[in-house]
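Undergrad: Protein chains in written order, with the numbering used here: chain L, 1 to 546; chain R, 547 to 1092. Mind having a look at this structure? Questions to follow.
Okay, structure coming up:
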């Protein structure tokens, strides 16, 4: 008997149970009435959004989520809903999925594989289930799984052995560059091995540091993708099975790898602003590549009328920096302001003259400039209710080439997980769509402009050297020895590694930003600030005690 | 046969394997030669310190830790060492303890109970062991356990059943107020039920947000504490067993509850400064109670010559605030500076005049003042290499009554987990030892002094009302309904809860501070910034869909 299954790729506000339930109901009614679906599948923990973090420890929150399931069951008929929720049973909490049909719970599944690595803390909250779940619906035997289950060996297979003819998977699978291909490859390999079609429904949207990219899909029993929803947008679509065979095949084209990252940044800003109720965004525009890119992304996310740019020149700002910043703002049509920081810098210099008497200039004086900019931008943010975006990239965050409470001041750091070389690629990508960043901004040597004729390369290895070292050290957890063995100069490696280690305290106070790499700073990389580990080969680590 | 067991209550620098191993060797040689101990017990994961967080994901770090165990085994003879380390076996990592004796591994135990709640993430790193471990040493059968094992029902009992006559427990048990009594009560109850003596060795010292309080102890088979080491300090001591009976009984007296918190704060500042290599500390001194307390603690931790105080008056600063701040600094003998913030405030007011034209004064102007102070203090910190201490308390951190990059600017926030009412108690406690905080500072109505005649109570419920509400909401995860049902006014509860929810973004960028409560902000309470949960009774949460 033919079965139409709707895939509800939904964007939730974490914790807003009432709004989420309304969305679920609206999507179900649409799927029933407009798509003639018999069953609709929602993402993992769809009642509450993902990840709800320590809200899951609150009894009132869990009670509300469990009640919401009964509410849902009572309010939609004529279509079966597969929804995720934190199921309370006695004192145990499960990451569960239920099938609601005609006011009753037709089936219930408890997630077996609870990820507790990277950004995931599911064993902090949930107890794992132990059993496969297969239910009959209109003559078809359907198996349920949740996210990590289909990455782990054996669960798809066990569900098929329990009698399933089709497997549904509810997901909240966060994006990083390359993740879509990885996800499809890993899951389709298991699907092919088990020889059973699978319907994969993913959440979409930004939630603090995470982007959920959607890209829900259907794989046939041979492990081929026969349906794919769009990336980075909500979509409720339908597929029709007949005897386990998909009747239609429509695959949304995939974005290029660089376009994926760009779209992730756009969605990240858009959802952080929208879900947190800001009236737009503002940022400091320096004439450099980083702020130019953040401006472009912000305008693509929010519209030019919702973004303001602030130029804050000092005595060290080159004229071409001002010119280029003005060109950027004007090309995108955003309102711009120019406020020299000199009066504040002069004031602080005078105020500190006594306590600094007899000392030499150092980075202190550079930091004062950056912090004067931070005060200006935060004042404008406070007054206008606009989100202040910081413009630091991952290379800078890694080595601490940034001023706490200065250029690091802000509510959201869109490119904090984007290495400098990728910043250039993204700028070129955006310019290929329409020219918004002057070519000179891309080709100039990068400078913080906090001292005369300053260049990033005065303090750091060239980014062509630095970025690959950082990728190995931060993302791949390689040791300095490993990285040197791969062909990098020992002095560059030692400098980069030491800077990364020493600057954890800055990162701990940085605003949240968008994870686009396999290992972002934040929840994804949990390092102690106080740490005596400085690497070193084990054989040379110890002095022989006397 | 008599057996002398040494308890090595040690303060480690997390990650510094070489230094930790040297400490272990020195303590072992001291225990062997001076205390005539046959066996010495170190804390949990003593080779690396606790918690090493994501250092545990690095292959080079794990290899170094495992090699260090062999190094240790080779370098100390004549005494058995019981040390903790992250044991790599194939691709599995265990939280293990080994007994090293005469160059060989005499026994090995893998922790069975891996805590993954509160500040603990052990399931992120480790696989649990499944077996008890009992070894014979000089005719005594000794069982091994690690920390959480002895909190969980059944593991002490199973170890006794496996033949143990004495149980050793290696621990890294962090402090919070009341923890010492709770720890001894829970463990002694199990010891009594199992009828077997237990030697409990705890780490001591500060590590980022955690304080390990030491207070190692020995319980006899009746569950009575028959030996206790000091709190909040290193100590290597020895106890002698003969046929399972302790031959000596020396219990260090316990600090009073308020003294415990004070000592935790002192140790926290001391270790953060020492382990991170700062040349002392500085702070802004306002004449209010919070900065007065932080100054006293800092001086008790570091000595007066290592602490500097900065007075930064504005037009809103009362004369008595300046007088009292001067009295505080002088009473403690610290160097003080006075820098008016007016020139910088005037500069920013002028610089922002155009963009703020036609707007009304609001908290923006207050924040500018606080941020000018932040710039001054950070400049002095940068120039001198002194750690900037923030002075905000937990009540303020909870409701966001603080300025990001203003009074929240700094490297360490000693009292961020101390509610305002406890700040007063701590001030009175410290004054009872010697008068260092003027009585007027304790009795004056608290004020941020950012606007004319401002009082905290203009914006917040009185702390006598606010603090108990916050304790219920933040520490106990009670709902607003629960708190109102306990007798608090609905409007006070609604206001407090809403402020806590809305200010997660500020807390996310706050410096680390010392956990002294059962639920601190930071690793201990992981809330989303973007959250739509606003509580509400489940029955009223949903509008009936049309």
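Glycine included, each C-beta is placed from N, C-alpha and C at the ideal position.
Between residue 271 of chain L and the ligand MG, is the CB less than 7 angstroms from at least one heavy atom?
TA: The ligand MG is absent from the structure shown, which contains no ligand whatsoever.
Undergrad: My guess is that residue 674 of chain R and residue 660 of chain R are in contact by the Cβ rule of under 8 angstroms, so how many angstroms apart are they, rounded?
TA: Yes, they are in contact, since the Cβ atoms of residue 674 of chain R and residue 660 of chain R sit about 5 angstroms apart, within 8 angstroms.
Undergrad: May I have the straight-line CA-CA distance separating residue 528 of chain L from residue 230 of chain L, to the nearest angstrom?
TA: Roughly 39 angstroms between the two C-alpha positions.
Undergrad: Starting from residue 1027 of chain R, follow the alpha helix (DSSP H) in both directions and report where the run begins and ends.
TA: Counting along the chain, the alpha helix (DSSP H) containing residue 1027 of chain R begins and ends at 1026 to 1031.
Undergrad: Apply the 10 Å Cβ neighbour rule to residue 452 of chain L and answer buried if 16 or more other Cβ atoms are within range, or exposed otherwise.
TA: The residue is exposed, with fewer than 16 neighbouring Cβ atoms inside 10 Å.
Undergrad: Just to confirm the assignment, what range does the beta strand (DSSP E) spanning residue 4 of chain L have?
TA: Run containing residue 4 of chain L: 3 to 9, per the beta strand (DSSP E) assignment.
Undergrad: Counting only Cβ pairs nearer than 9 angstroms, list the residues of chain L close to residue 852 of chain R.
TA: Within chain L, no residue comes near residue 852 of chain R; the closest Cβ sits about 17 angstroms away, beyond 9 angstroms.
Undergrad: To the nearest whole angstrom, what separates the beta carbons of residue 10 of chain L and residue 204 of chain L, a pair I think is in contact under 8 angstroms?
TA: Right, their Cβ atoms sit about 7 angstroms apart.
Undergrad: What are the residues of the segment 46 to 69 of chain L that lie near chain R, defined by any Cβ-Cβ distance shorter than 9 angstroms?
TA: For the segment 46 to 69 of chain L, which is checked against every Cβ of chain R, the residues closer than 9 angstroms are 48, 49, 51, 52, 53, 54, 55, 57, 58, 59, 60, 61, 63, 64, 65, 66, 67, 68.
Undergrad: I want to know whether the segment 598 to 611 of chain R touches the segment 719 to 736 of chain R - three or more CB-CB distances under 8 angstroms.
TA: With the cut-off at 8 angstroms, the segment 598 to 611 of chain R and the segment 719 to 736 of chain R do not touch.
Undergrad: Any beta carbon of chain R sitting closer than 8 angstroms to that of residue 344 of chain L?
TA: It does: the Cβ of residue 344 of chain L has a partner Cβ on chain R nearer than 8 angstroms.
Undergrad: Beta carbons nearer than 7 angstroms to chain R: which residues of the segment 264 to 283 of chain L have them?
TA: Within the segment 264 to 283 of chain L, the qualifying residues are 272, 275, 276.
Undergrad: So, at 6 angstroms on beta carbons, what are the nonlocal neighbours of residue 139 of chain L in its own chain, with the 5 sequence-adjacent residues on each side left out?
TA: Cβ neighbours of residue 139 of chain L beyond the five flanking positions: 1.
Undergrad: Name the two residues that bound the continuous alpha helix (DSSP H) containing residue 928 of chain R.
TA: 909 to 930 is the extent of the alpha helix (DSSP H) around residue 928 of chain R.
Undergrad: Just to confirm, is the Cβ distance from residue 965 of chain R to residue 935 of chain R under 8 angstroms?
TA: Not a contact, by the Cβ cut-off of 8 angstroms.
Undergrad: Report the three-state DSSP secondary structure of residue 1055 of chain R (helix, strand or coil).
TA: Here residue 1055 of chain R sits in coil by DSSP.
Undergrad: By how many angstroms is the C-alpha of residue 518 of chain L removed from the C-alpha of residue 161 of chain L?
TA: Spanning the two alpha carbons is a distance of roughly 34 angstroms.
Undergrad: Could you tell me which residues DSSP puts in a beta bridge with residue 647 of chain R?
TA: Residue 647 of chain R pairs with R/650.
Undergrad: Does chain C have any CB closer than 8 angstroms to the CB of residue 705 of chain R?
TA: Checking the listed chains, one finds no chain C in this structure; the protein chains it contains are L and R.
Undergrad: Under 8 angstroms, do residue 856 of chain R and residue 815 of chain R count as touching if we go by C-beta distance?
TA: For residue 856 of chain R and residue 815 of chain R, no; Cβs fall outside 8 angstroms.
Undergrad: Anyone know if the C-beta pair for residue 59 of chain L and residue 82 of chain L falls short of 8 angstroms?
TA: Contact flag unset, no.
Undergrad: Does DSSP put residue 418 of chain L in a helix, in a strand, or in coil?
TA: The answer is coil: DSSP assigns residue 418 of chain L none of H, G, I, E or B.
Undergrad: Can you pull out the residues from the segment 867 to 883 of chain R whose beta carbon lies closer than 8 angstroms to at least one beta carbon of chain L?
TA: The segment 867 to 883 of chain R vs chain L, Cβ under 8 angstroms: 883.
Undergrad: State the DSSP-derived secondary structure class of residue 254 of chain L, mapped to helix, strand or coil.
TA: Residue state, collapsed to three classes: coil.
Undergrad: Let me make sure I understand the geometry here. Which of L/398, L/484, L/409 has the alpha-carbon closest to that of residue 520 of chain L?
TA: Minimum Cα distance to residue 520 of chain L is reached at L/398.
Undergrad: Name the chain L residues whose beta carbon is nearer than 7 angstroms to that of residue 910 of chain R?
TA: Those are 379, 382, 383, listed as they occur along chain L.
Undergrad: Do three or more CB pairs link the segment 430 to 450 of chain L to the segment 281 to 298 of chain L at distances below 8 angstroms?
TA: Segments in contact, yes.
Undergrad: Closer than 7 angstroms, Cβ to any Cβ of chain L: which residues of the segment 616 to 630 of chain R, in chain order?
TA: Per Cβ criterion, the list reads 617, 621.
Undergrad: Can you find a CB in chain R that lies within less than 8 angstroms of the CB of residue 14 of chain L?
TA: At least one chain R Cβ lies under 8 angstroms of residue 14 of chain L.
Undergrad: Whose C-beta lies closer than 7 angstroms to the C-beta of residue 678 of chain R among residues of the same chain, with five residues either side of it excluded?
TA: Cβ neighbours of residue 678 of chain R beyond the five flanking positions: 689, 704, 705, 708.
Undergrad: Terminal residues of the continuous alpha helix (DSSP H) containing residue 694 of chain R?
TA: Premise fails: residue 694 of chain R is in no alpha helix (DSSP H) and is neither H nor E.
Undergrad: Under 9 angstroms, CB to CB, which of the residues in the segment 1024 to 1046 of chain R have a partner in chain L?
TA: So the close ones are 1024, 1025, 1026, 1027, 1028.
Undergrad: Measure the Cβ-Cβ separation of residue 122 of chain L and residue 116 of chain L and say whether it is below 8 angstroms.
TA: Contact flag set, yes.
Undergrad: Using a C-beta cutoff of 8 angstroms, does residue 1076 of chain R count as contacting chain L?
TA: Yes, its Cβ sits closer than 8 angstroms to a Cβ of chain L.
Undergrad: Among R/1011, R/947, R/970, R/969, whose alpha-carbon lies nearest the alpha-carbon of residue 1052 of chain R?
TA: Per the Cα distances, R/947.
Undergrad: Indicate whether the contact test is met: 3 or more Cβ pairs, each with one atom in the segment 319 to 333 of chain L and one in the segment 454 to 466 of chain L, closer than 8 angstroms.
TA: No: fewer than three Cβ pairs fall under 8 angstroms.
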